[in-house]
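Per numbering that gives the first Met the number 0, residue 0 is the first one in the sequence shown, and the count goes up by one each step. These notes are about the structure you will find just below.
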Amino acid sequence: MTDFLALVRTRQSCRAFDSRPVEREKIVSCLEAARLSPSGCNSQPWHYTVTDDPALTEQIAAAVQGLGLNRFAFQVPAFAVVTEEKAELLTRLAERMDSQTFAQIDIGLSAAHFVLEAAEQGLGTCILGWFDEEKLKQIFRIPQERKIRLVICIGYPAEKEPRQKLRKPLEEISEWVGGGPSL
């Protein structure tokens with residue numbers, strides 16, 4: 000079994016992709032990891048639409064660029080578009096009572112599982128939140144009432160060595176209360 004922290008330390012957002020195609024069984028493995036992720040009341044409010052068709056990936060690459068962002072997208076050999084699905088009744092009731100939007104949290108968890116499995120498979124990914132939703136809906140024939148939440152770029156990284164992760168120190172992002180160990 001893989002050392003999870005080692006996987007997390009090496010996984011990064013890839014913005015330089017190799018031109019080789021991604022084996023579909025690897026993407027299926029990523030989809031399986033996303034499917035198995037936790038969700039509030041097991042509502043699983045996500046749907047993944049995937050393509051590795053070059054004619055479509057070129058259109059998607061154009062739809063995820065703007066304001067100088069995501070210029071690397073034309074190198075990406077496969078994309079997954081994540082849409083939000085209707086949450087289960089119990090989850091919707093909890094959201095109304097607590098004003099907590101579980102579906103978006105659940106989608107984030109699912110996407111994290113997807114990209115971590117991709118890293119385990121030797122793939123690079125980049126989760127995008129900037130895109131032309133209307134263009135993507137046209138490309139994928141996604142109904143207007145469904146909301147696109149994320150686009151995941153999938154491919155082999157062109158760079159073999161991961162960049163150094165620059166993160167806040169543990170002491171800055173966490174604390175113990177009630178007599179726990181000091182950091």
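Think of the CB as a built atom: it goes at the ideal place given N, C-alpha and C, for glycine as much as any other residue.
What is the residue span of the beta strand (DSSP E) that residue i lies within?
i           : result
residue 83  : 77–83
residue 4   : Premise fails: residue 4 lies in the alpha helix (DSSP H), 3–9, not in any beta strand (DSSP E).
residue 149 : 146–154
Residue i and residue j: beta carbons closer than 8 Å?
i           : j           : result
residue 78  : residue 153 : yes
residue 127 : residue 69  : yes
residue 138 : residue 33  : no
residue 116 : residue 29  : yes
residue 125 : residue 14  : yes
residue 6   : residue 119 : yes
residue 149 : residue 106 : yes
If you follow the alpha helix (DSSP H) that residue i is in, where does it begin and where does it stop?
i           : result
residue 27  : 23–34
residue 106 : 101–119
residue 172 : 169–172
residue 59  : 53–62
Would DSSP call residue i helix, strand or coil?
i           : result
residue 44  : coil
residue 130 : coil
residue 70  : helix
residue 178 : coil
Any beta carbon of chain B sitting closer than 8 Å to that of residue i?
i           : result
residue 147 : The question asks about chain B, but that chain is absent: this structure has only one protein chain.
Worksheet item: Would you call the stretch 68–82 and the stretch 40–50 touching, i.e. three or more CB-CB distances under 8 Å?
Response: yes
Worksheet item: Does the pairing of the stretch 57–67 with the stretch 106–116 give three or more beta-carbon distances under 8 Å?
Response: no
Fill in: the stretch 129–144 / the stretch 6–23 touching (three or more Cβ pairs under 8 Å)
no
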